[in-house]
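Numbering (the numbering used here), first residue to last: 588 to 758.
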């Protein structure tokens with residue numbers, strides 16, 4: 588069940604308990620899709636399942652696999668080279684692994700990659716470095732994390748911090 592601020596209670600369509608004006612039964616065909624970050628730092632949000640799990644069927648969805656993420660990014664960056672997209676996906680895959688292992692707190696997601704690719708598509712003259720800076724600049728607050736991120740990007744052939752003339756997004 589879910590309590591509303593006005594005191595009404597939303598219940599499943601199969602509810603057999605108390606009836607009354609304060610009880611709102613969901614239609615059996617009712618569907619809602621909620622997107623929620625995972626609980627805890629850095630999002631500081633609620634644990635969606637513990638709050639809504641008794642009322643809704645909750646499904647955790649991981650980041651897409653490599654091929655699916657590539658197909659998605661190609662839709663946002665039709666003019667961005669496949670090579671660059673693949674390098675970004677591999678880099679962010681490694682950053683995600685580091686988040687999952689506890690090395691990083693922030694779980695770099697497809698959302699960040701989409702923003703990077705959209706930037707490169709819209710402003711190709713900026714290059715990949717400027718697009719990455721839009722997403723990653725906050726990490727400069729921690730020198731160790733920043734060095735690790737730069738190292739991972741370099742490992743995957745992304746000259747992060749390169750001058751615009753050498754930026755691979757412009758090739």
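Every residue gets a Cβ at the ideal spot worked out from N, C-alpha and C, and that includes glycine.
Since the structure is predicted, the reported quantities are computational estimates derived from the model, not experimental observations.
Taking the Cα positions, residue 657 is about 46 Å away from residue 610. Residue 598 sits in a strand when the DSSP states are folded into three classes. In the structure shown, residue 704 adopts helical secondary structure according to DSSP, grouped into three states. Collapsing the DSSP output to three states places residue 611 in a strand. Apart from the 5 residues on each side of it in sequence, residue 732 sits with its Cβ closer than 8 Å to the Cβ of 691, 726 in its chain, given in chain order. Taking residue 647 as reference, the option from 655, 637, 654, 653 with the minimal CA-CA separation is 637. The straight-line gap separating the alpha-carbon atoms of residue 739 and residue 682 is approximately 8 Å. Nearest to residue 696 by C-alpha distance, out of 675, 666, 714, is 675.
Across the set 664, 679, 641, the C-alpha of 679 shows the shortest separation from the C-alpha of residue 652. The secondary-structure analysis by DSSP pairs residue 589 across a beta bridge with 597.
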